[in-house]
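Structure first, then comments.
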Amino acid sequence: MSLDLKTVRRVASLARLHLEEGEDARLQAELNGILGWIEQLQAVDVSGVEPLSGGGGTAMPMREDVVTDGGRAEAVLGNAPDRAGAFFAVPKVVE
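Taken in order, the sequence shown gives residues 36 to 130; the numbers are from the working numbering.
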């Protein structure tokens with residue numbers, strides 16, 4: 036399937052796209068390329084392949100919900116511009 040310039044202009048109008056002079060030919064080539072890929076996908080034999088409607092029947096592993104500090108204080112504070120012991124140091128703000 037190939038789109039002509041009239042159809043490309045109509046699609047651009049429906050999509051509310053403003054095309055500059057000469058852009059319609061570039062858009063025609065892009066749309067025809069996309070349609071070519073779709074034709075290739077439609078040619079693939081998928082007989083015997085079950086449809087996939089998600090991540091499958093696997094359950095997410097659960098863990099105990101425990102509050103921790105993450106155990107990575109040094110790695111996190113390594114990015115701090117200034118620190119006071121095991122904490123971020125910030126300027127004092129008094130109004």
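Just so it is clear, CB atoms sit at the ideal spot from N, CA and C, and this is done for glycine as well.
Let me confirm a value: Val43 is counted as buried when at least 16 other C-beta atoms fall within 10 Å, else exposed. Which label applies? In summary, Val43 is buried, with 16 or more beta-carbon neighbours lying within 10 Å of its beta-carbon over all protein chains present.
Count the other CB atoms within 10 Å of the CB of Gln63; is the residue buried (16 or more) or exposed (fewer)? Buried is the call here.
Reduced DSSP category for Ala47 - H, G, I as helix; E, B as strand; rest coil: In the structure shown, Ala47 falls within a helical segment according to DSSP collapsed to helix, strand and coil.
Quick one: residues in its chain with C-beta nearer than 7 Å to the C-beta of Asn67, no 5 flanking neighbours on either side, listed in chain order? Once the five neighbours on either side are set aside, the close Cβ partners of Asn67 are Ser37, Leu38.
I need the DSSP call for Arg61, collapsed to helix, strand or coil. In the structure shown, Arg61 adopts helical secondary structure according to DSSP, grouped into three states.
Do Ala108 and Ala121 count as a contact pair if the criterion is CB distance below 9 Å? Contact: yes.
Give the straight-line distance between the Cα atoms of Pro116 and Glu99, rounded to the nearest whole angstrom. The alpha-carbon of Pro116 is positioned some 34 Å away from that of Glu99.
Segment limits, alpha helix (DSSP H) that includes Val111: 108-112 is the extent of the alpha helix (DSSP H) around Val111.
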